[in-house]
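Everything in the sequence shown is counted per my numbering, starting at 10 for the first residue and increasing by one.
A virtual CB, placed ideally from N, CA and C, is assigned to each residue, including glycine.
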Amino acid sequence: VINRFAFIGAEAGTWRVTSQKALSGEALDEISHLDIVAFQSDVSRAPGNWPLIGAKSNLRYTTRTELNSLRSRQEGLGRPQATRAALIPLRKSAAWWDLSQDERRAIFEEQSHHSAIGLDYLPAIARQLYHCRDLDEPFDFLTWFEFAPEHTRHFDNLLERLRRTREWSFVEREVEIRLERAIHG
Ligand code: HEM
Numbered sequence: 010v011i012n013r014f015a016f017i018g019a020e021a022g023t024w025r026v027t028s029q030k031a032l033s034g035e036a037l038d039e040i041s042h043l044d045i046v047a048f049q050s051d052v053s054r055a056p057g058n059w060p061l062i063g064a065k066s067n068l069r070y071t072t073r074t075e076l077n078s079l080r081s082r083q084e085g086l087g088r089p090q091a092t093r094a095a096l097i098p099l100r101k102s103a104a105w106w107d108l109s110q111d112e113r114r115a116i117f118e119e120q121s122h123h124s125a126i127g128l129d130y131l132p133a134i135a136r137q138l139y140h141c142r143d144l145d146e147p148f149d150f151l152t153w154f155e156f157a158p159e160h161t162r163h164f165d166n167l168l169e170r171l172r173r174t175r176e177w178s179f180v181e182r183e184v185e186i187r188l189e190r191a192i193h194g
């Protein structure tokens, strides 16, 4: 099973970048298009952080009850109407990683209500989380979202709510890249 992916910034690709901004920390080199491909060990790292590498992984914080709610509402990537996307790479601070697992869970859900907030936006927003903290990458996570154009404001609202949470006070680097599908079919 392939679980490691390369996010390649290039001159052409499946997704065209419509905006790119750094919210916290250092910016990323600007790209015009993005492709997501299965990772090959010969992918070469250009200056400016691209390509970014991330792996699909197991869940860390989700309870059985939460998982059942999420699964009953969520839809998968690749829906034909979902022609808008966002790639949001994030890194959390040393203070976050110094916490214990139960302390991180309490901040993530009991204090910040991350999955409860997220649930309000399903099934409009489809998502995939990639982990990269242990891959010697510049970020800890690559987060990927797909939605239909009419749900763009919905997605903006989700971001506003999450960024006001205690969890986000531990985010030290965050870049937001908005995209639209360049190739149809
Ligand atoms: C679309 C609605 C969303 C839902 C339903 C959702 C749900 C979740 C859930 C259940 C987890 C925990 C996974 C685990 O157990 O390990 C998670 C993790 C995460 N989500 Fe979301 N999320 C949503 C939106 C977002 C957005 C918009 C962002 C970024 C701006 C984001 C960033 C993250 C990150 C970085 C993690 C990993 C946190 C960590 O392990 O420290 N999520 N999300």
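Cross-strand partners of residue i (DSSP beta bridge)
i	result
Ile116	Answer is none; Ile116 lacks a bridge partner.
Phe14	Ala47, Gly63
Phe154	Ala95, Arg136
Arg187	Ser28, Ala95
Residue i and residue j closer than 8 angstroms at C-beta
i	j	result
Phe117	Glu176	yes
Leu138	Gln83	no
Ile17	Trp59	yes
Glu185	Ala47	no
Leu43	Gly22	yes
Arg80	Phe156	no
Ile62	Glu119	no
Glu75	Ser33	no
Exposure label - residue i; buried when at least 16 CB within 10 Å
i	result
Pro89	exposed
Glu35	exposed
Asp149	buried
Ala212	For the chain, the structure presents residues 10 to 194; residue 212 sits outside this window and is missing.
Ala135	buried
Leu188	buried
Only counting runs of 4 or more residues, tell me where the alpha helix (DSSP H) segments fall wholly within the region 41-84, in order along the chain.
73-82
If we require 3 or more residues per run, which beta strand (DSSP E) segments fall completely within the region 90-147?
93-101, 135-140
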